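Numbering (full-length UniProt numbering), first residue to last: 16 to 353. Every residue, glycine too, gets a C-beta built ideally from N, C-alpha and C. Given the structure is predicted, the values throughout are model-derived calculations rather than measurements. I have placed the structure first, in the form of structure tokens, so that the comments after it can refer back to it.
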Amino acid sequence: GSTPRVLSGIQPTGDSFHLGNYLGALRQWVALQDTHDAFYCVVDLHAITVEYDPEALRRRTRVSAAQLLAMGVDPERSTLFVQSHVREHSELAWILGCLTGFGEAGRMTQFKDKSAKQGTGGPSVGLFTYPILQAADILLYTPVPGAGGQGFQVPVGEDQRQHLELTRTLAQRFNHRFGETFALPEAYIPKATAKITDLQEPTAKMSKSSSSPQGIIDVLEEPGSMRKKIMRAVTDTGTEITYDEEKKPGITNLLRIYSALSGSTTGDLERQYAGAGYGSLKKDLAQLVLDTLTPIRERTEKALGDEEQLDRILARGAARAGEVAARTMEAVRDRVGF
Ligand code: ADP
Ligand code: NA
């Protein structure tokens with residue numbers, strides 16, 4: 016067909032996604048289903064590159080999938096699956112790893128950032144090679160040239176650009192060495208996604224590793240707690256509601272969230288709240304956040320409540336993804352001499 020394919024993954028590292036994940040990434044997944052042949056993957060193989068608990072991983076993988084469904088990822092219109100259910104990811108990662116230079120892998124800056132945060136045992140080899148697994152995640156689903164020719168896109172933020180470059184390099188190297196096998200994936204730059212910052216530390220990004228839970232809004236959080244966090248968000252000196260990243264990072268973050276959820280521009284909001292106090296902006300924003308996240312939380316609970324249905328959806332996704340992945344691996348295995 017003429018619809019470009021897209022692939023995106025998210026790690027099941029927490030018991031809930033946060034508002035930053037939703038506005039910065041997951042909401043776009045839902046929108047991309049309209050324009051793309053979408054493959055969405057809960058990347059549990061990536062989640063084991065750092066210390067973890069198996070039971071927690073199993074639970075978080077399901078909670079992640081349930082939240083994606085609740086947000087609007089539609090298994091009838093996209094392929095939603097769990098990475099470890101499609102064994103080809105690990106197999107292709109090994110082959111690509113054998114094509115990657117040790118020094119080349121060592122130049123990945125994300126590893127340097129992440130390995131610095133690893134505790135007692137130090138960083139694992141898996142953490143070191145995870146960009147190669149990421150390359151495999153992508154290349155399994157890139158159509159072999161000539162077999163359709165539709166484009167293949169990967170939504171990437173700044174921090175992932177280097178990994179997509181590595182993916183393209185490995186695809187080219189494979190093609191050169193063993194014959195045309197992979198199409199080169201392109202970066203898909205989603206139109207202006209909101210960067211959400213921490214409610215208590217508004218110059219730092221909202222992150223599951225934030226220093227205080229008061230700074231993060233979880234998608235599955237209780238409404239009362241959500242409201243309190245927004246009402247207690249750090250604001251700036253002065254009283255005027257203006258968008259100013261430098262001088263008013265707290266209010267600016269609230270305006271950005273408001274804008275992302277309402278569709279009003281931050282300029283519209285400045286005009287709407289001219290002369291109003293911070294409290295009234297916060298009160299309205301809290302309501303808006305609740306109106307958006309409450310149905311998602313309820314649908315997540317419902318999806319988790321029907322285990323068989325969730326299993327069925329994920330099994331169907333794995334079968335569909337597995338079919339494409341198996342076809343790719345058949346060509347790969349043949350070309351590398353297996
Ligand atoms: P975290 O920073 O909480 O560890 P991840 O790194 O797992 O989150 O990010 C998952 C996805 O959510 C990525 O696409 C990332 O760009 C997006 N994302 C994470 N935090 C934010 C944020 N504060 N604002 C916007 N997007 C975010
Ligand atoms: Na990630």
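For the alpha helix (DSSP H) that residue 151 lies in, which residues bound it at each end? 140-154
Could you check what DSSP says for residue 33 in three-state terms: helix, strand or coil? strand
Spatial distance of residue 181 from residue 228 (CA atoms): 35 Å
Taking 7 Å as the limit between beta carbons, can you name the residues of its chain near residue 85, skipping five residues before and five after? Cβ-Cβ distances below 7 Å link residue 85 to 311, 314, 315, 318 in the same chain, with the five nearest sequence neighbours on each side left out; the list follows chain order.
If you follow the alpha helix (DSSP H) that residue 274 is part of, which residue opens it and which one closes it? 264-277
Taking 8 Å as the line, does the beta carbon of residue 63 fall inside it for any heavy atom of the ligand ADP? Not under cutoff, so the answer is no.
Within the continuous alpha helix (DSSP H) that includes residue 194, where are the two ends? Neither: residue 194 is in no alpha helix (DSSP H) and is coded neither H nor E.
Name all residues in chain order for which at least one heavy atom of the ligand ADP lies closer than 5 Å to the residue's CB. 35, 36, 39, 40, 172, 210, 211, 220, 221, 222, 223
Could you give the C-beta distance for residue 200 and residue 179, rounded to a whole number, given that I count them as a contact under 8 Å? 7 Å
I'd like to confirm the pairing. Which residues does DSSP put opposite residue 55 in its beta bridges? For residue 55, which the question treats as bridged, DSSP gives the partners 23, 95.
Please tell me whether residue 31 and residue 236 are closer than 9 Å, where the distance is taken between their beta carbons. yes
Would you mind sorting residue 169 into buried or exposed? The rule is 16 or more other CB atoms within 10 Å of its CB. With 16 or more Cβ atoms within 10 Å of its Cβ, residue 169 is classed as buried.
Would residue 147 pass as a contact of residue 79 if the rule is Cβ separation under 9 Å? no
Once the 5 residues before and after residue 305 are set aside, which same chain residues still bring their CB inside 8 Å of it? 238, 241, 242
Residue 189 and residue 111 closer than 9 Å at C-beta: yes
For the beta strand (DSSP E) that residue 293 lies in, which residues bound it at each end? From DSSP, residue 293 is part of no beta strand (DSSP E) but of the alpha helix (DSSP H) over 293-320.
With a cut-off of 8 Å, do at least 3 Cβ pairs link the region 209-227 to the region 52-68? Contact annotation: the region 209-227 does not touch the region 52-68, with fewer than three C-beta pairs closer than 8 Å.
Check whether the Cβ atoms of residue 340 and residue 103 lie closer than 9 Å to each other. A contact, by the Cβ cut-off of 9 Å.
With DSSP as the reference, label residue 326 as helix, strand or coil. helix
Confirm, please, whether the CB-CB distance from residue 154 to residue 107 is below 9 Å. By the CB criterion at 9 Å, residue 107 and residue 154 fall inside the cutoff.
Alpha carbon of residue 233 to alpha carbon of residue 285, nearest angstrom: In this structure, the alpha-carbon of residue 233 lies about 26 Å from that of residue 285.
Three-state secondary structure (DSSP) of residue 283: helix
Reference residue 125, options 99, 97, 173, closest by Cα: 173
Just how far apart, CA to CA, sit residue 101 and residue 94? 12 Å
Span separating the alpha-carbon of residue 281 from that of residue 264: 13 Å
Excluding the 5 residues flanking residue 231 on each side, which residues of the same chain have their C-beta closer than 6 Å to its C-beta? 33, 221, 225
Three-state secondary structure assigned by DSSP to residue 212: strand
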